[in-house]
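>
Numbering (the numbering used here), first residue to last: 3 to 240.
(1) For residue 30, which residues in the same chain have their Cβ closer than 6 Å to its Cβ, ignoring the five residues on either side in sequence?
(2) Might you give, ordered along the chain, the residues of its own chain that have their beta carbon closer than 8 Å to the beta carbon of residue 7, omitting 5 neighbours on each side?
(3) Under 8 Å Cβ to Cβ from residue 45, same chain only, skipping five residues before and after it: list those, please.
(4) May I ask which residues mark the beginning and end of the alpha helix (DSSP H) holding residue 43?
(5) Label residue 219 either buried or exposed according to how many other C-beta atoms from any shown protein chain fall within 10 Å of its C-beta, with 16 as the threshold for buried.
(6) Nearest to residue 167 by CA position, among 176, 160, 161 and 159, is which residue?
(7) Taking C-beta to C-beta, are residue 80 and residue 43 nearer than 7 Å?
(8) Looking only at its chain, what residues have a beta carbon closer than 7 Å to the beta carbon of residue 2, apart from the 5 residues adjacent to it on each side?
(9) Mind pulling the beta strand (DSSP E) runs of 3 or more residues that sit fully within the region 164-203?
(10) Output yes or no for whether 7 Å exceeds the beta carbon distance between residue 164 and residue 157.
(11) Apart from the five residues on each side of it in sequence, which residues of its chain come closer than 6 Å, Cβ to Cβ, to residue 60?
(12) Here's the rule: buried if 16 or more other CB atoms are within 10 angstroms of the residue's CB, otherwise exposed. What is residue 143?
(13) Using alpha carbons as the reference points, say which of 198, 225, 112 and 62 lies closest to residue 216.
(14) I'd like the list of long-range same chain contacts for residue 97, defined as Cβ closer than 6 Å, with 5 residues on each side in sequence excluded.
(15) Hey, would you say residue 84 sits closer than 7 Å to residue 71, going by beta carbons?
(16) For residue 68, is the classification buried or exposed, using 16 other Cβ atoms within 10 angstroms of its Cβ as the cut-off for buried?
(17) Does any CB atom of chain B fall closer than 7 Å to the CB of residue 134?
(18) With DSSP as the reference, label residue 134 as helix, strand or coil.
(19) Just the Cα atoms here: how many angstroms apart are residue 221 and residue 205?
(20) Tell me whether residue 34 is buried or exposed, calling it buried when 16 or more other Cβ atoms sit within 10 Å of its Cβ.
(21) Is residue 123 buried or exposed, if buried means 16 or more other CB atoms sit within 10 Å of its CB?
(22) With 16 other CB atoms within 10 Å as the buried threshold, where does residue 121 fall?
(23) Run the CB neighbour count on residue 173, radius 10 Å, all protein chains shown included, and call it buried at 16 or more, exposed below.
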């Protein structure tokens, strides 16, 4: 199951197989040279490697989707030299598009689909070209619901914040998850409301909800599931 290909060095072609968890190396004539088996080499289990790119000194950059640490830098023999997860400067993870690439100057660059992001060696963004995800700005409207009192709730797909408007459409505040509440795959999958104004935000694919008060203050996590695993529209607090 070849997933990605990269030219590494002067005459090596690296093919990433994300079912076998390997990099197969070929010369520029297409002849097979060697195989790097992550299951044998790594001291952790691969999750779902999706991207490969050349790194310094004949090594590789591999993006391991939805792993605890997604950005892996490998030596030429496939062993992990360093592992991190791409995050914004405030620690919030973002969704990586098309892996991570190393520039000729040695910088690491990636993209979230709307901006170019340069990463420090620890995976934190130190430069953003374009508009960075901002919890205070509704830039990519997603799930929307009308709650008690006619308030309108709209989730932002980039920041995962839920923006709250009154019945006339005037902005009130935003319900903003903490950086530790989200990973790069998180999305707002459901919204529910209590009569007292509390808001419950489900961040898929994980179960449970984040609870916010009527002013957008985060109150904590609530592990709730409704009948057959589907959450109810309204919660009735005891």
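C-beta: ideal position from N, C-alpha, C; glycine also. A quick note: this is a predicted structure, and the numbers were derived from the prediction, not measured.
The short version:
(1) 13
(2) 15, 16, 17, 18 and 54
(3) 82
(4) 40-43
(5) exposed
(6) 176
(7) yes
(8) Summary: the structure shown does not reach residue 2, with the chain confined to residues 3 through 240, and so no result is reported for it.
(9) 164-167, 173-177 and 189-195
(10) yes
(11) 11 and 78
(12) exposed
(13) 198
(14) 114 and 186
(15) no
(16) exposed
(17) Included in the structure is just one protein chain, with no chain B present.
(18) coil
(19) 15 Å
(20) exposed
(21) exposed
(22) buried
(23) exposed
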